[in-house]
Amino acid sequence: MTSCECLRVRPSFKVYCILLTQVLFLIHAFFVMGCSALSKPIPASEALKNIRKVAVLPFNNISGQKEAGKIVANVFVTEIFKIGRFHVEEPGNVFQFMVQERISTIGEIEIERAKILGRRLGVDAVIVGTVDEFDDGKGGRYPTPVVSITARMIESGSGKLIWSAQNKKKGDDYIIILDFGEVRSVTTLAQKVVREMIETIR
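Residue numbers (the working numbering): 767 to 968.
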């Protein structure tokens with residue numbers, strides 16, 4: 767092979783390397799997206815435009831982590847308050863209502879009781895949900911927290927479902943490069959998960 771022929775081959779090999787790198791990157795991105803994602807929420811309905819005040823009930827906790835339902839509910843209250851889209855009923859008033867109505871199944875509420883709550887506390891909607899996973903990840907070889915939450919908003923006047931979302935994330939989903947950006951606290955991860963869910967309401 768002459769030196770001229772070598773010069774013609776080298777650019778092709780360089781292009782091949784670039785294409786191979788791009789393909790490997792896309793494959794990696796595909797698997798990362800498949801491991802954790804915010805599920806497509808129910809599209810914002812016309813009813814959301816009339817929602818001014820909401821009540822957040824303690825979430826049903828099936829994660830096995832004690833108090834996870836209350837923690838997530840408090841995070842929802844805080845994050846909703848931050849965006850300023852809705853007024854939020856005081857958690858103490860919500861708890862008092864649950865005691866008075868003898869609501870024992872945390873995270874769920876009957877339609878008629880949702881209507882009663884709306885009238886009694888003056889809220890337009892009720893947010894309920896389930897904490898599916900709330901793991902600090904400390905038991906694994908490579909510890910990273912995992913949080914999975916499902917939430918729903920029910921219009922208190924009609925009892926209709928007007929918003930729903932599900933989100934699951936791991937602490938290493940937020941890595942930018944090397945370990946930079948990784949979330950190591952399960953509570954901090956819950957805040958990020960909830961914030962992403964609430965942003966779909968807008």
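The C-beta atom is built at its ideal place from N, Cα and C for all residues, glycine as well.
**Prompt:** Roughly how far, in whole angstroms, is the beta-carbon of K935 from the beta-carbon of K904, given that I think they are within contact range, below 8 Å?
**Reply:** The pair is not a contact, with the Cβ atoms about 17 Å apart (cut-off 8 Å).
**Prompt:** Is it true that the region 845 to 861 meets the region 818 to 828, where meeting means three or more beta-carbon pairs spaced less than 8 Å apart?
**Reply:** yes
**Item:** Touching by the beta-carbon criterion (3+ pairs, under 8 Å), the region 920 to 937 and the region 838 to 856
**Value:** no
**Message:** I need the boundaries of the beta strand (DSSP E) containing T896, first residue and last residue.
**Reply:** 891 to 901
**Request:** Under the assumption that E921 contacts D901 (Cβ atoms under 8 Å), give the Cβ distance between them as a whole number of angstroms.
**Result:** About 33 Å; that fails the 8 Å criterion.
**Message:** Tell me the rounded alpha-carbon separation between V865 and G888.
**Reply:** 18 Å
**Request:** Give the single residue among E845, V913, K832, G830 whose Cα lies nearest to the Cα of I967.
**Result:** E845
**Message:** Let's test the definition: count the other Cβ atoms within 10 Å of the Cβ of S996 and tell me whether it reaches 16, buried, or not, exposed.
**Reply:** The question about residue 996 has no answer, for the chain in this structure spans 767 to 968.
**Prompt:** Would you report the Cα separation of K926 and E962, rounded to the nearest angstrom?
**Reply:** 23 Å
**Asked** When we look at the beta-carbon of F863 and count the other beta-carbons within 10 Å, is it buried (16 or more) or exposed?
**Response** buried
**Request:** List the endpoints of the continuous alpha helix (DSSP H) containing T916.
**Result:** Unbroken run through T916 is the beta strand (DSSP E), 912 to 921; no alpha helix (DSSP H).
**Asked** Are T916 and D938 closer than 8 Å when you measure CB to CB?
**Response** no
**Message:** Helix, strand or coil, according to DSSP, for K926 in the structure here?
**Reply:** coil
**Message:** Here's a check: name, in chain order, each residue in its chain whose Cβ is nearer than 7 Å to the Cβ of I877, leaving out the five neighbours to either side.
**Reply:** G925
**Prompt:** Is it true that the CB of V952 sits closer than 8 Å to the CB of Y940?
**Reply:** no
**Asked** For the beta strand (DSSP E) that contains K904, what are its first and last residues?
**Response** Taken as a continuous stretch (DSSP letters only), K904 belongs to no beta strand (DSSP E), as it is neither H nor E.
**Prompt:** For K819, which three-state DSSP category applies?
**Reply:** strand
**Request:** With DSSP as the reference, label Q932 as helix, strand or coil.
**Result:** strand
**Message:** Please report the distance separating the alpha-carbon of G835 from that of V960.
**Reply:** 13 Å
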